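Residues 1 to 473 (full-length UniProt numbering) are what the sequence shown spells out, left to right. Note sheet for the following structure.
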Amino acid sequence: MTMIVDSNGIETGDFLRVRGPLELKCILDSTDVTLVRKAISRTFENLRYHVNSESCVLRVQDSPVIIWPNKGVHVTPREITTSTMCEELHKWIQTDEQEMAGKRSAKKKGKKSSVARVISLNLMMEVTKPGPLPAPILCKTIQKSHFLSTTLPMDCVVNIRSADTIKDAFEGLLEALTHQLHEMERVMLCHMKGTTLSVPEPFHFLLPESRGLVTAVYPAGVPDSQLEPQRKELHERFELPEDRPYFRRANAYHFPNELYKDGYLRNPHLALTHPTLDDGKVYLVHGLYSYHHYMQDRMDDNGWGCAYRSLQTICSWFQQQGYVERPVPTHKEIQQALVDVGDKQGSFVGSRQWIGSFEVHAVLNQLLGVTSKISFVSQGSEMASKGRELANHFLSEGTPVMIGGGVLAHTILGVAWSETSGQIRFLILDPHYTGAEDLQVITDKGWCGWKGPEFWDQTAYYNMCLPQRPKAI
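Okay, here's the thing in structure tokens:
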């Protein structure tokens with residue numbers, strides 16, 4: 001079911017990631033299920049043979065580098081040898097994005113990024129062999145047979161350590177590819193229905209506490225709700241708690257070189273530097289969320305939709321942690337949910353009326369089945385005393401917090417707090433931003449930033465909505 005790729009934290013090295021389709025084709029003389037299963041196993045065995053044969057070719061994307069890993073790690077260009085350090089491959093890779101980044105930050109050359117880099121490779125197979133080709137011979141055979149065909153979406157990842165040579169790294173990569181084919185065979189056979197095949201799909205998951213990156217193979221078309229036994233097995237294997245989802249598809253690791261297709265920024269707070277407090281600690285939101293703010297989705301909610309946007313950010317967190325599968329609700333869906341629970345009249349749907357923390361609580365419960373705690377703050381000056389409560393929330397729940405006061409709403413993503421001195425800073429995600437998804441503008445201008453107690457209106461009344469994690473695998 002699973003494959004450990006690396007047991008260390010991913011920030012210490014880079015990734016080799018190879019992707020490519022492998023065609024699985026079976027000619028069957030019979031539809032007998034036992035014979036079909038044997039034929040599929042033989043086909044997988046043949047695929048594993050090809051992966052470990054001299055016909056296997058790996059091409060480093062956006063570079064001239066081509067590697068034949070089973071020919072003594074034959075490489076072109078010739079400047080690269082089997083003893084070349086694997087990280088040297090980065091010098092041969094050039095994308096438009098990297099070129100522009102290099103021009104913008106030439107003065108930062110030599111400064112190594114803490115973010116893991118990915119060397120992406122294409123998996124290919126040579127179809128011709130060297131030497132003279134024999135004359136073609138045509139044979140005609142008439143027989144009845146059945147044909148099974150599908151494409152296996154291979155996706156293997158290994159971690160590169162600084163001392164790894166190309167020979168070392170690619171030997172590990174081939175071993176991982178072979179293992180993934182074994183896993184795909186097992187999943188396909190387990191989920192066969194007659195002669196109907198479920199395509200096995202690999203997903204990568206980053207586990208907590210430096211357990212590293214793990215790959216699980218799931219059958220396509222089978223929803224997460226039907227894969228709980230497999231996830232329980234994985235939780236037991238990796239000694240993970242059974243009250244949080246780690247292996248749902250929504251939790252799949254997002255590689256640093258991949259763009260999100262929906263256009264929303266993820267976790268802009270990661271670009272910030274933590275404040276320094278005397279004997280202070282930082283407590284942050286767990287996992288991924290999307291930044292939702294005014295004027296997105298072709299929706300002009302400037303001046304009234306800040307709580308809706310904060311709620312959308314919270315909903316995105318529950319979706320991207322795998323607790324729910326439904327998409328982030330629109331303004332109208334939020335309004336309709338409040339009508340459905342009896343909180344608002346029917347005329348509320350389609351209006352431009354603002355909502356507060358109680359409505360956020362009601363919608364989370366109605367649409368996601370998520371309960372929340374409401375914390376009352378009689379005036380903004382009391383927010384300075386909320387360090388312990390917020391620290392405990394981010395330690396135990398780790399969810400974004402919506403706070404409303406007057407007609408303004410914000411999202412709290414974390415708190416820096418000193419128990420001894422009482423110093424406190426709040427990590428605020430501001431839904432009132434109306435610009436483009438520009439991380440530098442958002443962080444430089446403070447739309448996502450650390451704020452002191454003076455940020456709050458000292459005399460205004462505030463309510464905080466603190467969503468609670470469901471207990472689920």
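We put the beta carbon where it would ideally sit given N, CA and C, even for glycine. Keep in mind the model is a prediction, meaning the values are calculated, not measured.
Paired residues, beta bridge with residue i - DSSP
i	result
Pro202	Val217
Trp450	Leu427
Gly20	Met154
Thr420	None, per the DSSP bridge assignment.
Asn122	Arg19, Arg59
Thr411	Met402, Leu429
Ile27	Phe147
Buried or exposed by the 16-neighbour rule on C-beta atoms within 10 Å, applied to residue i
i	result
Lys344	buried
Ala391	buried
Gly414	buried
Cys139	exposed
Arg244	buried
Arg237	exposed
His361	buried
Arg326	exposed
Cys306	buried
Cys190	exposed
Asn46	exposed
Leu133	exposed
Pro202	buried
Asn267	buried
Pro219	buried
Thr128	exposed
Val51	buried
Ile27	exposed
Asp164	buried
Ser105	Note that Ser105 scores 41 on pLDDT, short of 50, meaning its location in the model is unreliable; the coordinates nonetheless yield the value given after this. Exposed: under 16 other Cβ atoms inside 10 Å.
Arg352	exposed
Phe44	buried
Gln320	buried
Lys108	Here the model assigns Lys108 a pLDDT of 40, short of 50, so the residue's position is not dependable, and the following value carries that caveat. The residue is exposed, with fewer than 16 neighbouring Cβ atoms inside 10 Å.
Nearest-angstrom Cα separation, counted from residue j out to residue i
i	j	result
Ile314	Phe455	21 Å
Val214	Phe205	5 Å
Val370	Arg186	36 Å
Pro223	Arg231	12 Å
Lys103	Val36	Legend: pLDDT at Lys103 = 40, less than 50; position of this residue unreliable, value from coordinates given subsequently. Near 57 Å, if we compare the C-alpha coordinates of Val36 and Lys103.
Ile334	Thr399	19 Å
Ala250	Pro208	16 Å
Leu445	Asp430	The question names Leu, but residue 445 is Lys in the sequence shown. Roughly 11 Å separates the two Cα atoms.
Ile473	Tyr283	24 Å
Glu228	Glu183	18 Å
Ser357	Ile403	7 Å
Thr82	Leu22	26 Å
Glu239	Lys332	42 Å
Asp300	Arg42	59 Å
Val75	Ala39	35 Å
Glu171	Arg78	19 Å
Thr273	Asn70	46 Å
Leu16	Glu382	50 Å
Val349	Gln336	6 Å
Leu466	Ser396	11 Å
Gly449	Ile428	6 Å
Ala416	Thr84	45 Å
Gln61	Ser149	28 Å
CA nearest to the CA of residue i, picked from the options
i	options	result
Gly72	Ser53, Ser63, Val60	Ser53
Leu277	Thr151, Phe426, Arg309	Phe426
Val65	Leu89, Thr43, Met85, Arg48	Leu89
Arg469	Gln423, Gly322, Phe147	Gly322
Ala116	Pro136, Asp14, Pro453	Asp14
Ser30	Ser145, His269, Lys91, Ile374	Ser145
Ile374	Glu359, Leu368, Arg59	Glu359
His432	Ile80, Gln423, Ala409	Ala409
Trp68	Asp297, Thr195, Leu121	Leu121
Arg59	Gln180, Trp92, Thr43	Trp92
Ser290	Pro275, His274, Gly263	Gly263
Glu87	Ser372, Thr151, Asp168	Asp168
His293	Leu197, Glu437, Leu368, Arg248	Glu437
Thr443	Leu265, Pro467, Arg17	Leu265
residue 487	Glu233, Leu259, Val157	Only positions 1 to 473 of the chain appear in this structure, which leaves residue 487 out of reach.
Thr178	Asn365, Val18, Arg309	Val18
Pro275	Ile424, Gly406, Lys471, Met125	Ile424
Ser418	Pro136, Lys281, Asn257	Lys281
Asp279	Gln61, Ser421, Ser55, Cys56	Ser421
Asp155	Trp450, Gln143, Ile137, Gln180	Gln180
Gly303	Ile355, Val57, Val377, Tyr260	Ile355
Pro256	Gly221, Asp32, Ile119	Ile119
Whole-number beta carbon distance between residue j and residue i, since they are thought to touch under 8 Å
i	j	result
Gly387	Ala460	Gly387 to Ala460, Cβ: 19 Å. No contact.
Heavy atom of the ligand ATP within 8 Å of residue i beta-carbon
i	result
Pro202	Absent from the structure shown: the ligand ATP. Ligands present: none.
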